[in-house]
Amino acid sequence: MARSRYFDDAVSINEEQARSYPEGDADGPTEDDIQILRLQGAFDLPPRAIREGLINTFMERCSPWMPIIERSWLEESGSQKPSMLLLQSVFVAASRVTSAPGVTAYASLHQFYRRAKALFWSGYERNPVTVVAAVCILHWYNPEGPEHVSTNTSGFWRYVGVGLAHQIGLHKEPTNKRDAALRRRLWWTLYARDCCISAGQGRPLAVDLEDCEVAPPCPEDFHDSSSNATLFIAYVEISSILGHLTEHCRRKTLTREARQNLENRLYRWTRDLPPSLRLFCNRSTSDDTASPERTLARYNFEARQLHIPYFTCLAILCRPNPGESASPGVLLASSFIAGIYEDFLARDEIQFLSPVFTFHLLAAGIGLLSCNNVPSHREKAAISLESIYLALEELAKRWSSAKGSLRALKSIAEKQRSASTIDELPSMALSREHQPFFEGFGPDLSWAWSYFMEPGQAVGHDGSTYNFMGTGTPELGNWAESRAPDAISSDEYRPLTTILDRNEGLTMGDMSQDISGDFFNQYQGMGDWLFKDLEWNGEIA
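Numbering (the UniProt record's numbering) for the sequence shown: 1 to 541.
Here you go:
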């Protein structure tokens with residue numbers, strides 16, 4: 001990274017002169033290092049059939065979420081040979097999401113990882129952009145959950161990747177147009193991964209966008225790539241929203257202003273999605289005066305994955321304050337997540353998911369468990385919970401972090417069953433503040449839709465009732481225009497009160513009043529921060 005960039009034109013620094021000294025002796029592998037790499041099989045490549053199969057798997061299952069390499073880079077072309085570090089890293093990621101017997105017969109996931117890891121630490125690869133790309137891909141290894149200290153997890157590799165990215169100036173807008181698109185895609189891949197890992201582990205973001213001047217990803221960045229530009233752009237934005245929501249919850253800074261900003265971004269995100277990535281499409285009814293009927297769109301695995309963090313954000317933002325009854329918004333969002341996972345289970349596609357999907361299952365499971373004190377919804381929620389459990393069991397076959405989340409949810413459910421059952425609560429209605437976030441969806445993926453989104457009466461946070469038309473738009477005059485939240489006056493639109501608003505003593509410096517109690521101290525796995533605001537005093541078995 002040129003230091004002169006930080007001084008604009010005020011100070012002139014000759015970067016060539018500044019670098020006119022030999023690199024340190026530790027840079028690059030020695031002959032002894034090369035011998036060790038050979039002993040570790042770092043230069044061994046699978047047979048052609050297995051090699052091509054792994055590359056195909058990576059390009060199909062992993063590359064859409066990290067469009068940072070071209071297939072041609074992984075193939076020999078005349079005298080041009082592919083980067084050995086990049087190849088071995090791709091084999092690591094692909095072996096994570098394949099069940100091909102030929103792959104496991106040739107080498108295990110851990111063998112591929114040891115080869116890639118040895119190449120990285122030896123300094124064998126000299127191209128820093130290639131090194132950062134390989135580090136991104138190594139996130140797919142992730143053998144342990146956040147409750148274990150490890151130098152092999154995605155949480156570790158993200159800090160390595162961000163540190164290297166800062167060194168080579170990926171956080172600055174590229175000046176060389178030749179590789180500008182690749183550098184932007186690489187930076188935003190790192191950032192999206194940072195946000196997802198931060199949400200899953202409840203740990204600080206490694207990237208501060210205040211220090212970043214890179215333009216957001218755009219379709220023009222994909223002119224030389226076969227990747228889906230619209231998918232990646234939407235993925236980066238929803239990951240960013242989830243990452244910032246996590247940060248505010250973790251820091252206890254989810255003020256009204258911060259909440260409204262996040263809600264505005266969520267609202268716009270659904271409106272900006274292209275038709276190919278939407279979950280539902282409009283189908284006009286025979287009655288021209290009626291609102292269009294929303295039907296489930298043709299199945300798209302990537303579009304389904306894309307919406308899971310959206311509903312997770314809603315499940316977190318709609319959570320009730322301690323002492324309040326279950327939130328319809330939480331139940332709706334959680335039921336959608338469960339419905340999407342049911343599709344994955346029916347198609348045997350859980351194996352293609354990254355480890356952060358454990359976190360989304362945990363968030364949905366917590367929301368569905370809140371139905372246990374609402375007898376009218378308990379039976380339906382229990383069916384969705386079984387799908388959540390089954391999905392976690394499938395994820396646990398590849399990602400050990402899912403085991404702790406599964407135990408946590410089952411432990412809570414067991415303790416709730418042993419507790420006394422409360423009487424039926426008054427009928428719940430989805431608040432008008434939450435309704436716009438479910439516009440554009442339909443009943444096919446959610447059992448809760450018929451309870452909260454069918455025509456009837458809805459309730460505002462001020463206790464007032466109003467007619468609800470059943471199409472996701474409340475009958476509230478100008479509100480019926482479905483404007484984004486930020487277009488509504490402060491008197492008309494108010495985000496939910498937060499736990500901070502109700503408990504002013506819960507500031508960043510006053511951790512002694514944390515609501516978590518013994519329960520939070522017992523569980524330190526994926527998504528542990530989700531339990532902080534739960535009104536629960538039990539222990540996890």
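Where is the CB? At the ideal position from N, CA and C, for every residue including glycine. None of these values were measured; they are calculated from a predicted model.
With fewer than 16 other beta carbons inside 10 angstroms of its own, Gln80 counts as exposed. Annotation: Pro143 is outside any alpha helix (DSSP H) and is labelled neither H nor E by DSSP.
Thr270 is the residue among Thr270, Gly339 and Glu247 whose C-alpha sits nearest the C-alpha of Glu237. In the displayed model, Cys195 falls within a helix according to three-state DSSP. Between the C-alpha atoms of Ala315 and Phe222 there is a straight-line separation of about 33 Å.
Arg115 and Val92 have their C-alpha atoms roughly 9 Å apart. Judged by pairs of C-beta atoms under 8 Å, the region 206–219 touches the region 146–162, as three or more such pairs exist.
Partner residues in a beta bridge of Asn228, as assigned by DSSP, do not exist.
Ranked by how close their Cα comes to the Cα of Ala408, the residues Tyr235, Ser89, Ala396 and Gly525 have Gly525 in first place. Just so you know, the alpha carbons of Phe531 and Glu173 end up roughly 39 Å apart. Our two residues, Ser95 and Ala303, have alpha carbons roughly 23 Å apart in a direct line.
Collapsing the DSSP output to three states places Asn56 in a helix.
Close CB contacts of Phe359 within its chain, under the 7 Å cut and outside five residues either way in sequence, are with Ala199, Gly200, Met526 and Gly527 (chain order). The C-beta separation of Val132 from Leu186 comes to about 6 Å, placing the pair in contact by the 8 Å criterion.
The criterion of a C-beta distance shorter than 8 Å is satisfied by Leu86 and Ala134.
By the neighbour-count criterion, in which a residue is buried when 16 or more other Cβ atoms sit within 10 angstroms of its Cβ, Tyr299 is exposed.
In this structure, the alpha-carbon of Thr98 lies about 15 Å from that of Ala396. In the three-state reduction of the DSSP assignment, Arg115 falls in the helix class. For Phe156, the enclosing alpha helix (DSSP H) starts and ends at Ser154 to Gln167. Between Arg71 and Ser387, the alpha-carbon positions lie close to 36 Å from each other. Within the DSSP secondary-structure output, Gln260 pairs in no beta bridge. Between Asn142 and Thr153, the C-beta spacing is below 8 Å. In the DSSP assignment, Thr295 is bridged to Cys281. When secondary structure is reduced to three states using DSSP, Gln524 falls in the coil class, being assigned neither helix nor strand. Beyond the five residues adjoining it in sequence on each side, Arg158 comes within less than 8 Å, by CB distance, of His139, Leu190, Arg193, Asp194, Ile197 and Ala206 in the same chain, given in chain order. The alpha-carbon of Pro46 is positioned some 36 Å away from that of Asn176. Counting the other CB atoms within 10 Å of its CB gives Glu394 a total of 16 or more, which places it among the buried residues. Separation of the CB atoms of Leu306 and Tyr235 is rounded to 6 Å, and the pair is thereby assigned contact status at 8 Å. The alpha-carbon separation between Ala215 and Arg178 amounts to approximately 16 Å.
Excluding its 5 nearest sequence neighbours in each direction, Gln40 has C-beta neighbours in its own chain below 8 Å: Arg114, Arg115 and Ala118, listed in chain order. Counting along the chain, the unbroken alpha helix (DSSP H) around Gly404 starts and ends at Ser401 to Ser418. Short of 6 Å from the beta carbon of Ser89, and not among the five residues preceding or following it, lie these beta carbons of its own chain, in chain order: Ala116, Ala134, Ile137 and Leu138. Taking one beta carbon from each stretch, the region 333–346 and the region 366–373 have 3 or more pairs nearer than 8 Å; the two touch.
As DSSP reads the structure, Gln80 sits in a beta bridge with Ser77. In this structure, Leu54 places its C-beta atom within 8 Å of the C-beta atom of Val103. Straight across, the Cα-Cα distance linking Phe437 with Leu266 is about 8 Å.
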